[in-house]
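Colleague:
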RNA sequence: GUGGUUGUAGUUCAGUUGGUUAGAACGCCUGAUUGUGGUUCAGGAGGUCGUGGGUUCGAGUCCCAUCUUCCACCCCA
């Protein structure tokens, strides 16, 4: 029974062309991570749900993919569980889930291996994660994250290093049309405090973050609805109206904060991060302090940052921040971490849109051996062996098909050379090497073929 | 989770107010060309019209459900 195959919603295949480009991005990021001293880590696709739930807020819990228990998953369920609905039923039939991000599994790893890891621990991790979101532009249910985190130190040198890496990665990708927005949860808390929204901090953040999307009026009216009074809005207005250089904005904000300890604290963290970044040799003109930057999962506690393209309509392509006590929920207190996450899929779309992928679309095979008959095919395998031993990527058409077919294969696959092997060649021990682009061809011994191809490399 | 949108050949898409046998381009296969690809020419194969119901003498076309695509919201990479 033939059935049309299909993919689960929000998932994709990556064909060879796409993989070349994806690998280009991933390799570039990986190189930079390594250069900054990060070590690789991988964790399972699945985690126990106890590890995942409660770490991403209510929204996040709903977006977790749950894996149904194997076997008779109903064996532990009775009628009462069923009657009480999914909240009661769910924990009895599913105990594992697909990972939602790389940070929480990393925290789990650090806790489980705390005696082995050397702090500060710097690790990078490039793996798919899954979210049961409704797919949309630049949003998939399976997508790759590309994280680098440093845990076990409070130093703001880490923040600066991560921001430096961001700039180095995009420089290597020849992508320049982006801005890094930075802020600090403590600065936001300070703002909430002076605006009288301290009690509603998380809702305050969510609303504030929408500023560039829905505009000031709507933000203000939403803030009013959570109890921010007119004086508070006026203060906020003056903060949002701040212009000029990063440092001068921060200085004015410090005056507005007055005695708000947490706010002052946040400001000095931002300043120190910027200072460290310039000591590392990076201009801070790509970085702008943005007091409306409030996003981030609920676990961020200190510096936060996100990168957006400026000339392409695209969401955040890189984001990160500091989380003071992520390992705390797993029983390891006092470990602070800070990380950054590159969204490969969105970077891909951005580079594609701006035509920034290198033109040299890598093709693997340098030469295709084209045998005319069974005897030539046997002969070609020995030549293939010599070519490969010489380090030349080469392949043979696996059946003695018509030359038209074999040359067509080389043509479509973009293999630049073919080596024709027929009875005449075997007799002479000289083979016809043809350059596909021009159609020029000549006969050489296998040694000369190898020399010629090596010169081409 | 809310609102909208999409689905016809391998791919991109036509298909009139419901009316005979559902078309095109590209791709694929064969031949022109028994030792020469990308060009050209000739011929050919390929479709349960997303799926399941319903209305009708008759459904690719209308209705309902469901899945899928894309977009916006919530939220997020």
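In the numbering used here, the protein residues as written are 197 to 653.
From the three backbone atoms N, C-alpha and C, an ideal C-beta is built for every residue, glycine too.
Note that the structure is a prediction, hence the values are computed from the model and not measured.
Assign residue 636 to buried or exposed, taking buried as 16 or more other Cβ atoms, counted over all protein chains shown, within 10 Å of its Cβ.
Modeller: Its Cβ having fewer than 16 others within 10 Å, residue 636 is exposed.
Colleague: Report all residues from its chain with a CB closer than 6 Å to the CB of residue 211; omit the five preceding and five following residues, and keep chain order.
Modeller: Same-chain partners within the cutoff: there are none.
Colleague: When the distance is taken between beta carbons, is residue 462 closer than 8 Å to residue 382?
Modeller: Result yes, Cβ atoms of residue 382 and residue 462 sit closer than 8 Å.
Colleague: Give the single residue among 470, 645, 203 whose Cα lies nearest to the Cα of residue 186.
Modeller: There is no way to answer for residue 186, as the model of the chain reaches only from 197 to 653.
Colleague: From residue 258 to residue 328, what does the alpha carbon distance come to, in whole angstroms?
Modeller: C-alpha separation (whole angstroms): 8 Å.
Colleague: How should residue 224 be labelled, buried or exposed, when 16 other C-beta atoms within 10 angstroms of its C-beta is the threshold for buried?
Modeller: Flag for residue 224 reads buried.
Colleague: For the beta strand (DSSP E) holding residue 322, just list the boundary residues, first then last.
Modeller: Unbroken beta strand (DSSP E) run through residue 322: 317-326.
Colleague: What did DSSP end up calling residue 553 once you bin it into helix, strand or coil?
Modeller: DSSP places residue 553 in coil when its eight states are reduced to three.
Colleague: What does a CB cutoff of less than 6 Å around residue 442 pick up in its chain, not counting 5 residues either side in sequence?
Modeller: Taken in chain order, the residues that qualify are 485.
Colleague: Give me whichever residues DSSP pairs with residue 613 in a beta bridge.
Modeller: Looking at the DSSP assignment, residue 613 forms a beta bridge with 563, 631.
Colleague: How is residue 354 classed by DSSP in three states: helix, strand or coil?
Modeller: Helix at residue 354.
Colleague: Would you report the Cα separation of residue 172 and residue 361, rounded to the nearest angstrom?
Modeller: What is shown of the chain runs 197 to 653, which leaves residue 172 out entirely.
Colleague: Mind checking residue 354: buried by the 16 CB within 10 Å criterion, or exposed?
Modeller: Classification for residue 354: buried.
Colleague: Do residue 293 and residue 248 have their C-beta atoms closer together than 8 Å?
Modeller: Going by C-beta atoms, residue 293 is nearer than 8 Å to residue 248.
Colleague: Can you name the residues that DSSP bridges to residue 292?
Modeller: BP columns for residue 292 point to 244, 263.
Colleague: Spell out the partners DSSP gives residue 640 in its beta bridges.
Modeller: Paired residues: 627.
Colleague: With 16 other CB atoms within 10 Å as the buried threshold, where does residue 330 fall?
Modeller: Counting Cβ neighbours within 10 Å, residue 330 comes out exposed, since fewer than 16 surround it.
Colleague: Using 10 angstroms around the beta-carbon of residue 203, count the other beta-carbons present and answer buried if the total reaches 16, otherwise exposed.
Modeller: Classification for residue 203: exposed.
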